[in-house]
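Notes to accompany the following structure.
Number of protein chains: 2
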Amino acid sequence: MTATSAAKRGIPDATVARLPGYLRALDGLVAQGVGSVSSEELATSSGVSSAKLRKDLSHLGSYGVRGVGYDVGHLRYQISRALGLTQDWPVAIIGMGNLGRALASYGGFAPQGFTVVAVLDRDPAVVGQRVGDLVVQPMEVLPSLTEGGQVAIGVIAAPAASSQDVADQLVAAGFSSILNFAPGVISVPDHVQVRKVDLATELQILAYHEQRRTSPGADLEVAR
Amino acid sequence: MTATSAAKRGIPDATVARLPGYLRALDGLVAQGVGSVSSEELATSSGVSSAKLRKDLSHLGSYGVRGVGYDVGHLRYQISRALGLTQDWPVAIIGMGNLGRALASYGGFAPQGFTVVAVLDRDPAVVGQRVGDLVVQPMEVLPSLTEGGQVAIGVIAAPAASSQDVADQLVAAGFSSILNFAPGVISVPDHVQVRKVDLATELQILAYHEQRRTSPGADLEVAR
Numbered sequence: 001m002t003a004t005s006a007a008k009r010g011i012p013d014a015t016v017a018r019l020p021g022y023l024r025a026l027d028g029l030v031a032q033g034v035g036s037v038s039s040e041e042l043a044t045s046s047g048v049s050s051a052k053l054r055k056d057l058s059h060l061g062s063y064g065v066r067g068v069g070y071d072v073g074h075l076r077y078q079i080s081r082a083l084g085l086t087q088d089w090p091v092a093i094i095g096m097g098n099l100g101r102a103l104a105s106y107g108g109f110a111p112q113g114f115t116v117v118a119v120l121d122r123d124p125a126v127v128g129q130r131v132g133d134l135v136v137q138p139m140e141v142l143p144s145l146t147e148g149g150q151v152a153i154g155v156i157a158a159p160a161a162s163s164q165d166v167a168d169q170l171v172a173a174g175f176s177s178i179l180n181f182a183p184g185v186i187s188v189p190d191h192v193q194v195r196k197v198d199l200a201t202e203l204q205i206l207a208y209h210e211q212r213r214t215s216p217g218a219d220l221e222v223a224r
Numbered sequence: 225m226t227a228t229s230a231a232k233r234g235i236p237d238a239t240v241a242r243l244p245g246y247l248r249a250l251d252g253l254v255a256q257g258v259g260s261v262s263s264e265e266l267a268t269s270s271g272v273s274s275a276k277l278r279k280d281l282s283h284l285g286s287y288g289v290r291g292v293g294y295d296v297g298h299l300r301y302q303i304s305r306a307l308g309l310t311q312d313w314p315v316a317i318i319g320m321g322n323l324g325r326a327l328a329s330y331g332g333f334a335p336q337g338f339t340v341v342a343v344l345d346r347d348p349a350v351v352g353q354r355v356g357d358l359v360v361q362p363m364e365v366l367p368s369l370t371e372g373g374q375v376a377i378g379v380i381a382a383p384a385a386s387s388q389d390v391a392d393q394l395v396a397a398g399f400s401s402i403l404n405f406a407p408g409v410i411s412v413p414d415h416v417q418v419r420k421v422d423l424a425t426e427l428q429i430l431a432y433h434e435q436r437r438t439s440p441g442a443d444l445e446v447a448r
């Protein structure tokens, strides 16, 4: 594969999804002052097989050295750069209910290069309120946020019933990356990337297993 | 397959993971006063194929009626019951940093049957503080929380560096369901169910696509 065709195709989605895990494992090694790491060690601490790790890293042009492994600092830089983490990504959060306020006040985005720069709500009674260091803005400002590429990522923290409407407004305003915290499915054009964080679904899956543990067969009782 | 062997095996994991989506689609239909739904309609609003939907629901012993479809109310009950949502699941949150506090204050768990009944932190300076309606308790109370099955689900909101330690303490205290918000991999015994919610990874995957859109090929620049 030439660099040009690879650039067109990009890194496979499944590999992209595993890069953040490798990055975290490398961060841990940097913190311990470790200078080089074998593919086996890095694979174990990332929870994948070493064959998969080597294949994933080969997509970044990183092959390691036999008997020495990977240079921790350089590999960390390569992955950060591949993921686009060597620059800052401004984030707008839409929907200032409980979850939106919690996310806006959550300090964990900024250290990773994701800065919440705008919070919006469609309720006029909420617009103008302070949430952390920001003032809630009306939905009408959405298009102005993407001018000149200021804001890159839109976070949907609206209720499920209005999530499609918010997604449509984000797309119309020129957002092409959406992180959706609302339960349910949203439809967007092909050029828009959507990632989902669904607390409700994860809890319900745990409830299923917890019920099976405490009342075996209850999941199927109605089927008998 | 007999009901007994099905009860032993349970519903396939992939089906369990899709049930919350069907439930949400059915909630929407109930709200609209719709009494019955075809597999095609329900599949479309859940974002799956109708063949997959019918297969999934057959694991619950629900087959629908040709030309009529599924009874919305009954199917909703069957799925709720299969998922264990006809009872309440008390939740304990471990780690009262930004994320833990945000989750403890987030009002969205309770209406779905997940009630936050305890918040814990290992820092003596944080223990005793109020978070919402609760007082932060020390880690030493963990074993008492699971006595008599009071608390079912442990939520890890600790930093990545201490997430394995918290997981070990949850397992030792008798928790068998863990929702992990800390980045990285945690190891638990086979009988313990872990689900992950990883905001950082989702944002990093979006950053990758956003970078490819704004600077095509930058992900592979270091590889050339």
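Protein chains in written order, with my numbering: chain A, 1 to 224; chain B, 225 to 448. For glycine and all other residues, C-beta sits at the position ideal for the given N, C-alpha and C. Just so it is clear, the structure is predicted and the values come from calculations on it, not from any experiment.
Contacting residues, own chain, Cβ-Cβ under 6 Å from residue i (five flanking each side not counted)
i                     : result
residue 11 of chain A : 59
residue 82 of chain A : 60
Residue interval of the beta strand (DSSP E) (run including residue i)
i                      : result
residue 120 of chain A : 114-120
residue 156 of chain A : 153-156
residue 401 of chain B : 401-404
Backbone CA spacing between residue i and residue j [nearest angstrom]
i                      : j                      : result
residue 90 of chain A  : residue 153 of chain A : 7 Å
residue 44 of chain A  : residue 50 of chain A  : 8 Å
residue 453 of chain B : residue 173 of chain A : The requested residue 453 of chain B does not occur in the structure, where chain B is confined to residues 225 to 448.
residue 78 of chain A  : residue 363 of chain B : 39 Å
residue 141 of chain A : residue 15 of chain A  : 36 Å
residue 339 of chain B : residue 333 of chain B : 6 Å
residue 266 of chain B : residue 187 of chain A : 16 Å
residue 342 of chain B : residue 425 of chain B : 27 Å
residue 351 of chain B : residue 31 of chain A  : 28 Å
residue 291 of chain B : residue 52 of chain A  : 48 Å
residue 379 of chain B : residue 345 of chain B : 12 Å
residue 371 of chain B : residue 241 of chain B : 29 Å
residue 275 of chain A : residue 56 of chain A  : Past the edges of chain A, shown from 1 to 224, lies residue 275 of chain A, and the structure says nothing about it.
residue 13 of chain A  : residue 432 of chain B : 10 Å
residue 335 of chain B : residue 35 of chain A  : 49 Å
residue 106 of chain A : residue 216 of chain A : 39 Å
Beta-carbon spacing of residue i, residue j below 8 Å
i                      : j                      : result
residue 328 of chain B : residue 288 of chain B : no
residue 403 of chain B : residue 197 of chain A : no
residue 166 of chain A : residue 189 of chain A : no
residue 160 of chain A : residue 248 of chain B : yes
residue 373 of chain B : residue 214 of chain A : yes
residue 145 of chain A : residue 151 of chain A : yes
residue 294 of chain B : residue 286 of chain B : yes
residue 38 of chain A  : residue 54 of chain A  : no
residue 162 of chain A : residue 430 of chain B : no
residue 185 of chain A : residue 271 of chain B : yes
residue 244 of chain B : residue 164 of chain A : no
Same chain, Cβ closer than 7 Å to residue i, five either side skipped, listed in chain order
i                      : result
residue 101 of chain A : 131
residue 230 of chain B : Residue placement at residue 230 of chain B is flagged as unreliable, the pLDDT there being 45, under the threshold of 50; the coordinate-derived value follows with that caveat. Answer for residue 230 of chain B: no residue qualifies.
residue 393 of chain B : 363 and 366
residue 210 of chain A : none
Close Cβ partners of residue i (< 8 Å) along its chain, the five nearest in sequence each way excluded
i                      : result
residue 252 of chain B : 269
residue 381 of chain B : 317, 318, 319, 320, 321, 323, 324, 327, 405 and 406
residue 337 of chain B : 309, 311, 312 and 313
residue 348 of chain B : 362
residue 250 of chain B : 261, 266, 296, 299, 300 and 303
residue 143 of chain A : 172, 173 and 174
N- and C-terminal bounds of the alpha helix (DSSP H) containing residue i
i                      : result
residue 290 of chain B : No alpha helix (DSSP H) holds residue 290 of chain B; DSSP gives it neither H nor E.
residue 92 of chain A  : Unbroken run through residue 92 of chain A is the beta strand (DSSP E), 89-94; no alpha helix (DSSP H).
residue 193 of chain A : That residue, residue 193 of chain A, is in no alpha helix (DSSP H); its beta strand (DSSP E) goes 193-196.
residue 414 of chain B : Looking at the DSSP string, residue 414 of chain B is not in any alpha helix (DSSP H), and its letter there is neither H nor E.
residue 433 of chain B : 423-438
residue 243 of chain B : 237-255
residue 102 of chain A : 98-105
residue 396 of chain B : 384-396
residue 60 of chain A  : Run containing residue 60 of chain A: none; DSSP gives neither H nor E here.
residue 143 of chain A : 142-146
residue 236 of chain A : Given a span of 1 to 224 for chain A in the structure shown, any question on residue 236 of chain A remains unanswerable.
Closer than 8 Å to chain E by CB, residue i
i                      : result
residue 294 of chain B : The structure shown contains no chain E; the protein chains it does contain are A and B.
Check: residue i C-beta below 7 Å from any heavy atom of the ligand FMN
i                      : result
residue 316 of chain B : Absence of the ligand FMN from the depicted structure is noted, as is the absence of any ligand whatsoever, leaving it without description.
### Message
Pairs of beta-carbons, one from the segment 130-145 of chain A and one from the segment 183-200 of chain A, closer than 8 Å: are there three or more?
### Response
no
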